[in-house]
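Notes follow the structure.
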Amino acid sequence: KALQEEIKSAVVSNLEEVDELRIRYISKKGSINKLFADFKNVPAEQKKEVGKAINDLKDFALDKINSLKESFESNGNSDIGSDLTKPGEPMKLGTRHPLAIVKNEIISIFGRLGFTVAEGPEIEDDWHVFSALNFPPEHPARDMQDTFFIEKDPDVLLRTHTSSVQIRVMERTQPPIRAIFPGRVFRNEAISARSHCIFHQIEGLYVDENVSFADLKQTLLYFAKELFGEDTQIRLRPSYFPFTEPSAEMDVSCSICGGEGCNVCKYTGWLEILGCGMVDPNVLEACSIDSKKYTGFAFGMGIERITMLKYGIKDIRHFFENDVRFLKQFESAT
Ligand code: PHE
Numbered sequence: 014k015a016l017q018e019e020i021k022s023a024v025v026s027n028l029e030e031v032d033e034l035r036i037r038y039i040s041k042k043g044s045i046n047k048l049f050a051d052f053k054n055v056p057a058e059q060k061k062e063v064g065k066a067i068n069d070l071k072d073f074a075l076d077k078i079n080s081l082k083e084s085f086e087s088n089g090n091s092d093i094g095s096d097l098t099k100p101g102e103p104m105k106l107g108t109r110h111p112l113a114i115v116k117n118e119i120i121s122i123f124g125r126l127g128f129t130v131a132e133g134p135e136i137e138d139d140w141h142v143f144s145a146l147n148f149p150p151e152h153p154a155r156d157m158q159d160t161f162f163i164e165k166d167p168d169v170l171l172r173t174h175t176s177s178v179q180i181r182v183m184e185r186t187q188p189p190i191r192a193i194f195p196g197r198v199f200r201n202e203a204i205s206a207r208s209h210c211i212f213h214q215i216e217g218l219y220v221d222e223n224v225s226f227a228d229l230k231q232t233l234l235y236f237a238k239e240l241f242g243e244d245t246q247i248r249l250r251p252s253y254f255p256f257t258e259p260s261a262e263m264d265v266s267c268s269i270c271g272g273e274g275c276n277v278c279k280y281t282g283w284l285e286i287l288g289c290g291m292v293d294p295n296v297l298e299a300c301s302i303d304s305k306k307y308t309g310f311a312f313g314m315g316i317e318r319i320t321m322l323k324y325g326i327k328d329i330r331h332f333f334e335n336d337v338r339f340l341k342q343f344e345s346a347t
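Using the numbering used here, the first residue of the sequence shown is number 14, and each one after it goes up by one.
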């Protein structure tokens, strides 16, 4: 009787405590089994009654333990209800994707220089990706080898760079224009540790009266120092893009070895991070902007590449696999 009362009033708050109950009452060494052991001392005329009582007690204990167990299991072992003053269990928050972290940082750096943010479509036409950007009709980028086409004639394609957003913005806005365009781009390339068929770029565009190459250089120097550190140096190497003239590629001094030479910068001390140049007058005219009155500069960079350099990530495929062991390493980054 007393044992039944005890079992009835037992209070437990989790699965582990349910298991303790089981051990205490119905395991081999539990108190109910002890009753069975004492059974031989019960006088013969009471055996029937007492035997039934012990069996009932065991059934009662089993029922109670099983139902407690079930309720804790279906509640995820939570003990809500038994002690409302207990602190809640913290919920695990997700983390920002490293590409989003770096993208936001770049947006914020250019934001401090007065650049706003705009976006354009990923599915584009020939005009915005190539023709308006002064690509000649036979340019290799227009080939199926490099570009994913959805339809031919009229061409519908996945943009291969965010420079298409330059055109979208200039078509609908007269200068002054000062904006950056982050977005996803697509190239028909074999996937490897170094390149992917999907990646992200940030494009920059500044068009106004009297915008000079010196303005471009100063803007990029500020950007590089903000992103990679105050000691960062830049250098511009002449290059070619159909939509800028003159064109350049920018290197930053290697932040990993500080210019001493390492594996990452191939012992040159420099890392290439973007393409840039003065907007070609043909591009301005294609968007009905007076190229006699206005000049501008543009630049474009790959977010994956910059993120890999910043965090020492060696394989671009990590960004797209969503392995939490990779992603959660960026928990403390902003
Ligand atoms: N669109 C070029 C690329 O994808 C980068 C670029 C942008 C170069 C703007 C110059 C000016 O490589």
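Just so you know, even glycine gets a beta-carbon here, dropped at the ideal spot from N, CA and C.
Name the two residues that bound the continuous beta strand (DSSP E) containing residue i.
i      : result
VAL198 : 190-199
ALA311 : 308-315
GLY101 : Segment: none, GLY101 is in no beta strand (DSSP E) and carries neither H nor E.
SER266 : 257-266
ARG250 : 247-254
LEU146 : Run containing LEU146: none; DSSP gives neither H nor E here.
ALA286 : With the sequence shown as reference, residue 286 is identified as Ile, and Ala is not the correct amino acid for it. Per DSSP, ILE286 belongs to the beta strand (DSSP E) from 283-292.
GLU429 : This structure cannot settle anything about residue 429, because the visible part of the chain is limited to 14 through 347.
VAL8   : Here the chain has residues from 14 to 347 only, and residue 8 is not among them.
VAL337 : Looking at the DSSP string, VAL337 is not in any beta strand (DSSP E); the run it does join, the alpha helix (DSSP H), is 337-340.
VAL169 : 169-171
Would you mind stating whether residue i and residue j have Cβ atoms separated by less than 9 angstroms?
i      : j      : result
ILE78  : LEU16  : no
SER268 : LEU322 : yes
LEU48  : ILE67  : yes
VAL198 : ARG172 : yes
GLU216 : PRO188 : no
GLY124 : VAL178 : no
VAL130 : ILE122 : no
LEU229 : TYR219 : yes
GLY313 : CYS289 : yes
VAL31  : LYS82  : yes
PHE332 : VAL296 : no
LYS60  : PHE52  : yes
GLY325 : VAL292 : no
ILE319 : VAL115 : yes
GLU317 : PHE236 : no
THR232 : PHE310 : yes
LEU170 : GLU222 : no
ASP264 : GLU285 : yes
PRO111 : PHE343 : yes
ARG191 : PHE241 : no
Give the single residue among the options whose Cα lies nearest to the Cα of residue i.
i      : options                           : result
SER339 : ARG109, THR257, ASP166 and GLU258 : Per the sequence shown, the amino acid found at residue 339 is Phe instead of Ser. Among ARG109, THR257, ASP166 and GLU258, the Cα nearest to that of PHE339 is on ARG109.
LYS341 : PRO259, ASP244, LYS105 and ARG200 : LYS105
GLU262 : TRP283, CYS270 and ASN276         : TRP283
ASP168 : ARG200, ILE193 and VAL142         : VAL142
GLU118 : LYS99, ASP159, ILE193 and LYS165  : ILE193
PRO259 : GLU62, GLY242, SER208 and PRO294  : PRO294
ALA145 : CYS300, SER80 and ALA346          : CYS300
ASP139 : HIS174, PHE128 and PRO111         : HIS174
TYR307 : ALA203, GLU19, SER225 and ILE204  : SER225
GLY271 : ASP244, LEU249, SER84 and GLU334  : ASP244
GLN214 : SER205, ILE204, ARG200 and THR186 : ARG200
ILE45  : GLU58, GLU29, GLY64 and ASN27     : GLY64
LYS71  : THR160, THR98, ASN335 and GLU19   : GLU19
Locate the alpha helix (DSSP H) running through residue i, then write down its first and last residues.
i      : result
HIS141 : 139-142
TYR38  : 28-39
ASP72  : 60-87
MET157 : Here MET157 belongs to no alpha helix (DSSP H), and DSSP marks it neither H nor E.
ALA234 : The amino acid occupying residue 234 in the given sequence is Leu; Ala does not appear at that position. From DSSP, the alpha helix (DSSP H) with LEU234 extends over 226-241.
ILE20  : 15-22
VAL182 : 176-185
ILE45  : 44-51
PHE332 : 331-334
LEU112 : 111-124
Flag residue i as yes when its Cβ comes closer than 8 angstroms to any non-hydrogen atom of the ligand HEM, and as no otherwise.
i      : result
GLN158 : No copy of the ligand HEM occurs in the structure displayed; its ligands are the ligand PHE alone.
Within 9 angstroms (strictly less), CB to CB, does residue i reach chain D?
i      : result
PRO255 : Of the chains in the structure shown, none is chain D; there is only one protein chain.
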